[in-house]
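In this note's numbering, the protein residues as written are 151 to 449.
Reviewing the structure listed below.
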């Protein structure tokens, strides 16, 4: 037997719409269809905290950001930030954003999102800028950003430390944006769409619109994750998990098949990838041969 069940628990009578481990690994967050969020102890399965009806509509996504901060999104496009140290009443969200109007499909936390390039300045302009910054004594901060995709066809970038003003929303892409992953040291973002097109975004050029499109998937790209700095894994509604190289763009192959059933989630840890679809199974795929090939090519 490949594994043993440690515990089984049903914190809610409603269906579970999402699960995610905390960044420390000591807690498991779960989403219930009635809008509630539960925090479970990973050792025992006992409920540590409960946010009763945290969302007015069914939640769709959950993303732990750091030890004392996680984000959730719902079917109405509402995004909420939560601090597990706060009292767990229904109004305990750190902040709520309502700039999307359709379901939140994916969220990505970038610890340093590449800033937009600024026009070259003359020496005189550079000196004036330096003096202004010195006068303000503004400390240099990391560009930590929460990047969100939505079924309303837009992508948004949220500076979680800048209040509600720290939000940038893209132009309408005229297609549902379903999944997102970063490559090239966060200098490029790849977004999967309902029509099967991958759109490429460059933070250095701003995130109001994509900079390139990558065709090749015959069905929607519902989930994706980063394999390495140049390659992503994509899960599609045709049941296949593909390996796609970015810049230059190339479909490298198929690593998993769910028998035509849509792939809902994929995650990678080391040499292993876990994928889950509409079937009652979790498929584990050994990526070691693929990663060894990449290493041989680099040599």
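Glycine is no exception: its CB is placed at the ideal position from the N, C-alpha and C atoms.
Within 10 angstroms of its Cβ, does residue i collect 16 or more other Cβ (buried), or is it exposed?
i, result
"residue 338", "buried"
"residue 345", "exposed"
"residue 437", "buried"
"residue 434", "exposed"
"residue 353", "buried"
"residue 379", "exposed"
"residue 153", "exposed"
"residue 190", "buried"
"residue 171", "exposed"
"residue 167", "buried"
"residue 327", "buried"
Would you tell me roughly how many angstroms separate the C-alpha atoms of residue i and residue j, rounded to the nearest one?
i, j, result
"residue 440", "residue 420", "12 Å"
"residue 232", "residue 244", "5 Å"
"residue 252", "residue 281", "44 Å"
"residue 187", "residue 205", "9 Å"
"residue 228", "residue 254", "7 Å"
"residue 359", "residue 318", "11 Å"
"residue 303", "residue 274", "42 Å"
"residue 212", "residue 442", "33 Å"
"residue 222", "residue 176", "19 Å"
"residue 365", "residue 383", "15 Å"
"residue 289", "residue 312", "Confidence is the limiting factor: at residue 289 the pLDDT is only 47, short of 50, which leaves the residue's position unreliable and the question unanswerable from this model."
"residue 389", "residue 368", "11 Å"
"residue 203", "residue 261", "30 Å"
"residue 413", "residue 329", "12 Å"
"residue 402", "residue 334", "18 Å"
"residue 162", "residue 422", "31 Å"
"residue 236", "residue 199", "10 Å"
"residue 430", "residue 265", "42 Å"
"residue 193", "residue 178", "10 Å"
"residue 184", "residue 164", "7 Å"
"residue 377", "residue 158", "31 Å"
"residue 427", "residue 181", "18 Å"
Have a look at the DSSP bridge pairing and note the partners of residue i.
i, result
"residue 223", "211, 229"
"residue 424", "417, 434"
"residue 407", "390"
"residue 253", "DSSP, once it has assigned bridges, lists no residue as partnering residue 253."
"residue 246", "230"
"residue 236", "The partner list for residue 236 (beta bridge, DSSP) is empty, contrary to what the question assumes."
"residue 168", "181"
"residue 299", "256, 305"
"residue 331", "340"
Between the Cα of residue i and those of the options, spot the shortest distance and give me the residue it belongs to.
i, options, result
"residue 361", "374, 347, 367", "347"
"residue 314", "296, 437, 322", "296"
"residue 307", "249, 364, 373", "249"
"residue 263", "355, 387, 222", "355"
"residue 305", "398, 323, 294", "323"
"residue 156", "399, 196, 385", "196"
"residue 357", "320, 427, 378", "320"
"residue 385", "182, 341, 209", "341"
"residue 226", "426, 178, 208, 408", "208"
"residue 409", "425, 160, 173", "425"
"residue 405", "387, 391, 418", "391"
Taking only runs of the beta strand (DSSP E) that begin and end inside the region 349-396, which ones reach a length of at least 3 residues, in chain order?
-> 362-364, 371-378, 381-386, 390-395
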